[in-house]
Amino acid sequence: ARAFGGDSHLSVGGLALQPDRGAVLTGTFDQPFDADPGPGSTMLSPNDGSGFLLELAPGGALARARAFGRSVPRARGLCAPQGLAVAPGGALVVVGSVVGEVHFAAGESATTVSARTDRDAFLHWLPPRPARVAGEGRE
Numbered sequence: 795a796r797a798f799g800g801d802s803h804l805s806v807g808g809l810a811l812q813p814d815r816g817a818v819l820t821g822t823f824d825q826p827f828d829a830d831p832g833p834g835s836t837m838l839s840p841n842d843g844s845g846f847l848l849e850l851a852p853g854g855a856l857a858r859a860r861a862f863g864r865s866v867p868r869a870r871g872l873c874a875p876q877g878l879a880v881a882p883g884g885a886l887v888v889v890g891s892v893v894g895e896v897h898f899a900a901g902e903s904a905t906t907v908s909a910r911t912d913r914d915a916f917l918h919w920l921p922p923r924p925a926r927v928a929g930e931g932r933e
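In the numbering used here, the protein residues as written are 795 to 933.
Okay, structure coming up:
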């Protein structure tokens, strides 16, 4: 078992298993938190987005952590991830709700999603994490 969050309010919206690579969690948070369940520290900030993505190695160690779904200035936007899937080849697909205007970045591309009503849906496609090479640290 692993604990995450500290003083932040975390809500897990999705879980997916990656063949031979561990588990992936996605959800929302509202305060900075240490995403590393081990002795290290990997801080995520809500200034970078209201959604989080954690990739855990098969033993539970943190492989990658990132925030996403950053509000566009003065738009009071937020995203609420509610589902997660691993596509063939290792890409991650996150779906959920969006309020206001939210900026999503993935690799070299970025887009802004604007809710047309008080709440709309989003789909966020993230490229696969490169295979880990022996001796390299985490991303």
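Beta carbons: idealized from backbone N, C-alpha and C, even for Gly. Quantities reported herein were computed from a predicted structural model and do not represent experimental measurements.
G863 is positioned such that its CB atom lies no closer than 8 Å to that of E895.
Along the length of the region 850–896, whole beta strand (DSSP E) runs at least 3 residues long occupy 856–862, 872–880 and 886–893, reported in chain order. Of the residues T911, R910, A885 and V893, the one whose Cα lies closest to the Cα of H918 is A885. DSSP places A904 in the uninterrupted beta strand (DSSP E) bounded by S903 to S908.
In this structure, G832 lies near A855, with their beta-carbon atoms less than 8 Å apart. Three or more Cβ pairs closer than 8 Å define a contact, and the region 799–807 meets that threshold against the region 822–830. Taking all protein chains in view, the Cβ of R858 is crowded by 16 or more other Cβ atoms within 10 Å, so the residue is classified as buried. Around the CB of P840, 16 or more other CB atoms lie within 10 Å, so the residue is classed as buried.
C-alpha of A881 to C-alpha of V887: approximately 7 Å in a straight line. Taken through DSSP and simplified to helix, strand or coil, D842 comes out as helix. Residue pairing by DSSP places D828 opposite M837 in a beta bridge. Q812 is positioned such that its CB atom lies closer than 8 Å to that of V818. Residue range G816 to T822 is occupied by the beta strand (DSSP E) that includes T820.
In the DSSP annotation of this structure, the continuous segment of the beta strand (DSSP E) that includes G808 starts and ends at S805 to Q812.
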